[in-house]
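Student: There's a structure below that I have some questions on.
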Amino acid sequence: MPRPLGISPIRHKVTRRFYEPLLLLHALSPIRGERIKSEIISDDPESNHIQLRRSFTNAIAYICAYRKGPDHVAAAALEKTPQGVVVWLCANADVEEGVVTFLKGVLACVYRVVEKDSMEDLHQEASLATQRLASMIVDFQAPRLNAYRAEIIKSCILPCHELMTGYVRGNGNALEVNNLQQWLRKYFGDDTGGCTGPSLFDLSKACYDIRHTQYLKTVSMFAGQGRTRHETFERLYKLLGKLGKPLKSSKTLTEAATKLAQDFAQGFTVKTVRSSVPQQLPFRGKKEATIERTVHRMFSDSSKKAEFMERLRSLVSPEEKEIDSFLQRERATKTRVHAELLLIDHFERNSCNFLGQGEKYIGCSKPACYLCHMYITHHPSHYAIPASHNKVYVAWRPPDVYIREPGAFRLLQVQERILLRMIDLVRKDLFSEIKSHNMRLPYHTDSTTGITTTLESMRLGETDTPPVAYPGDLGILSSIPSLYNITKHPI
């Protein structure tokens with residue numbers, strides 16, 4: 005049924021107060037800090053089931069985001085009904101029919117594991133399902149995976165080979181680096197970036213298989229801060245993890261099938277929530293959208309206004325006209341409701357029951373943005389707090405509330421309370437940023453690979469993963485002493 009038109013004017017009144025400080029904060033520094041990890045779950049048996057449900061939901065969202073780009077960011081949630089589990093799917097743009105068809109095939113494969121009675125049959129079917137799912141996911145995600153492979157070939161192979169070749173020449177014992185070069189040539193081509201052409205599945209499997217080998221550990225050592233081209237090696241590390249993620253996702257899905265058989269016993273139904281309609285930011289007219297007028301409305305104290313302008317010019321431009329052009333450009337931005345908030349809105353409107361008692365979890369194909377994380381954190385229904393990449397997106401808006409829809413008053417009350425709290429936090433962040441003398445934080449990607457924490461632990465020496473031999477395709481064992489040379493000698 006189509007929703008009634010006419011967004012409540014109360015919403016506009018509040019959101020105008022929200023977007024002005026947000027625009028100024030974005031102008032100062034759009035990256036609001038380091039990544040935020042998802043909330044930690046305890047180790048008791050029931051918590052293990054909670055983590056399995058979350059991992060399953062995240063995997064569903066991730067495999068459905070088959071292309072790169074904001075339109076394809078997907079979110080998923082599991083509803084418990086008398087007829088079975090409803091898998092709700094949403095994306096920043098409308099979910100395509102092909103995605104629904106793919107997901108139904110995936111869940112049918114998962115259910116074949118669930119319905120096995122004997123332990124032997126269950127594990128045998130799970131093994132077969134893992135292989136089938138891996139192949140299905142790689143095929144479906146080919147546009148995304150090919151983009152990752154192309155980026156490695158275009159941006160990483162040549163500079164990484166050049167640096168590693170120089171390192172080998174300067175070090176008598178560099179077996180690990182030699183081995184890594186051979187592996188990269190096998191799967192991504194030679195120093196010219198020419199690709200030798202392994203299948204996409206073979207490439208994805210190879211990238212998954214190296215997760216706990218010396219290959220990836222060697223890449224992580226070159227990615228250490230202060231090293232020559234460390235950012236290129238860090239990007240290579242993350243892209244290798246992204247290429248291997250389809251196999252990780254297939255294992256996650258089948259592990260949930262074997263351990264959550266009671267949850268999934270009645271099977272799955274796939275339903276979608278439609279995306280939002282793009283809307284203009286709720287700003288005043290063009291003459292009011294200058295930096296001077298916006299700052300004047302924000303600060304009654306002239307000294308604070310001057311302090312803000314000094315900070316802004318130090319980061320953006322010495323020319324006020326360029327700052328004004330930034331505001332004029334941003335005010336033309338079309339906003340949308342992000343996928344995870346659309347699902348929260350759907351569950352709230354329809355009083356849906358999540359699978360897992362009291363476990364209100366929304367899975368997403370990438371971490372939440374700065375504003376989604378803040379919105380979910382302060383929602384009165386206490387949803388599970390997601391991970392966040394902590395970036396400000398001005399083209400964000402909260403879920404729409406319509407004047408003539410049932411329950412509009414209650415929805416407006418809830419949303420206004422959340423937004424007023426967010427306004428307070430954004431303003432505090434803005435004032436803190438003005439006082440700060442730090443440079444803008446460096447860019448980091450929105451998405452994660454699932455192995456970033458491992459990279460950080462390797463640098464800190466916290467991982468207890470022992471050095472292991474390279475896979476047998478090269479027939480060479482790793483040599484631990486020369487690996488230590490990588491950390492001792494600057495490049």
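Residue numbers (the working numbering): 5 to 495.
The beta-carbon is built from N, C-alpha and C at its ideal position, and this holds for glycine as well.
1) Suppose you measure from the CA of E311 to the CA of K432; what does that come to, to the nearest Å?
2) Near R148, what residues of its chain come up, given a Cβ to Cβ distance below 7 Å and the 5 sequence neighbours on each side ignored?
3) Quick one: any contact between the segment 364-382 and the segment 99-115, if contact means 3 or more CB pairs under 8 Å?
4) Spell out the partners DSSP gives C94 in its beta bridges.
5) Below 7 Å, is the gap between the Cβ of N96 and the nearest heavy atom of the ligand GDP?
6) Taking F272 as part of the beta strand (DSSP E), name the residues at either end of that continuous run.
7) By the 10 Å Cβ neighbour count, where 16 or more other Cβ atoms means buried, how is G201 classified, buried or exposed?
8) Whose C-beta lies closer than 7 Å to the C-beta of V142 among residues of the same chain, with five residues either side of it excluded?
9) Select from Q284, I156, G174 the residue whose C-alpha is nearest the C-alpha of L1.
10) What residue does the alpha helix (DSSP H) around N150 start on, and which one ends it?
11) Check A372 in the structure and name its three-state DSSP category.
12) Would you call the segment 238-256 and the segment 209-221 touching, i.e. three or more CB-CB distances under 8 Å?
13) Could you spell out the range, first to last residue, of the alpha helix (DSSP H) harbouring L162?
14) Identify whether F268 lies in helix, strand or coil by the three-state DSSP scheme.
15) Within a Cβ cutoff of 6 Å, which residues of the same chain sit near H448, ignoring the five residues on either side of it in sequence?
16) Taking Cβ to Cβ, would you say L416 is nearer than 8 Å to V405?
17) Check whether the segment 392-407 and the segment 112-126 are in contact - that is, three or more C-beta pairs closer than 8 Å.
18) Using the Cβ count rule (16 or more neighbours within 10 Å means buried), how would you classify E166?
19) Quick check: what's the CA-CA separation for T85 versus Y115?
20) Measuring alpha carbon to alpha carbon, tell me which of W92, T262, V77 ends up nearest E83.
21) Give the secondary structure of I40 by DSSP, where H, G and I count as helix, E and B as strand, and everything else as coil.
22) How about S3 and P390: do their beta carbons lie closer than 8 Å?
23) What whole-angstrom Cβ distance do L111 and V274 have, given they're in contact under 8 Å?
24) Give the secondary structure of F237 by DSSP, where H, G and I count as helix, E and B as strand, and everything else as coil.
25) Report the option in N96, M168, V18, T262 whose CA atom is closest to the CA atom of A372.
26) If you measure between the beta carbons of K370 and S385, is that distance less than 8 Å?
27) Just how far apart, CA to CA, sit I35 and L434?
28) What span of residues does the alpha helix (DSSP H) with I496 cover, start to end?
29) Does N192 come out as helix, strand or coil in the three-state DSSP assignment?
30) Quick one: Cα of V18 to Cα of K108, how far?
31) Whole-angstrom Cβ separation of H342 and W400, contact assumed at under 8 Å?
32) So, are the CB atoms of A79 and C368 less than 8 Å apart?
33) Helix, strand or coil, according to DSSP, for I380 in the structure here?
34) Return the chain-ordered list of same chain residues with a C-beta closer than 8 Å to the C-beta of M168, the five sequence neighbours on each side being excluded.
35) Does the beta-carbon distance from D125 to R278 come in below 8 Å?
36) Grab the span of the alpha helix (DSSP H) containing E100 for me, first residue to last.
Tutor: The relevant details are as follows:
1) Computed Cα separation, rounded: 15 Å.
2) Cβ within range, chain order: Y70, R71, K72.
3) Pairwise C-beta distances place the segment 364-382 out of contact with the segment 99-115, as fewer than three of them are shorter than 8 Å.
4) Listed as beta-bridge partners of C94 by DSSP are A79.
5) The model depicted lacks the ligand GDP and carries no ligand whatsoever.
6) Note, F272: beta strand (DSSP E), 272-276.
7) Note on G201: under 16 other CB atoms within 10 angstroms of its CB, so exposed under the neighbour-count rule.
8) Correct list, in chain order: L149, L204, F205, S208, P250.
9) Shown here, the chain extends from 5 to 495; a query on residue 1 therefore has no answer.
10) Its alpha helix (DSSP H) spans residues 146-155.
11) Strand.
12) The segment 238-256 is in contact with the segment 209-221.
13) Where L162 is concerned, the enclosing alpha helix (DSSP H) stretches over 161-174.
14) Three-state result, F268: coil.
15) Note that H448 scores a pLDDT of 49, beneath 50, so its modelled location is shaky; the value from the coordinates is reported in the next line. Closer than 6 Å at the Cβ level, and outside the excluded window around H448, lies no residue.
16) Yes. Within cutoff.
17) Short answer: they don't touch.
18) Exposed, by the Cβ-count rule.
19) Computed Cα separation, rounded: 16 Å.
20) A check of alpha carbon separations from E83 across W92, T262, V77 identifies W92 as the nearest.
21) For I40, the three-state secondary structure derived from DSSP is strand.
22) Residue 3 lies beyond the stretch modelled for the chain, which goes from 5 to 495, so this question has no answer here.
23) Going by Cβ atoms, the distance from L111 to V274 rounds to 7 Å, so yes, they are a contact pair.
24) If DSSP states are grouped into helix, strand and coil, F237 belongs with the helices.
25) Among N96, M168, V18, T262, the Cα nearest to that of A372 is on N96.
26) Against a cut-off of 8 Å, the Cβ pair of S385 and K370 comes out as no contact.
27) One C-alpha to the other measures close to 12 Å.
28) Missing from the structure shown is residue 496; the chain here goes from 5 to 495 and no further.
29) The question names Asn, but residue 192 in the sequence shown is Phe. F192: helix per DSSP, three-state reduction.
30) Near 41 Å, if we compare the C-alpha coordinates of K108 and V18.
31) Right, the Cβ-Cβ distance comes to about 6 Å (below 8 Å), so this counts as a contact.
32) For A79 and C368, yes; Cβs fall inside 8 Å.
33) Three-state DSSP puts I380 in a helix.
34) Hits under 8 Å: V181, L184, Q185, F226.
35) No, Cβ-Cβ distance for D125 and R278 is not below 8 Å.
36) That residue, E100, is in no alpha helix (DSSP H); it is neither H nor E in DSSP.
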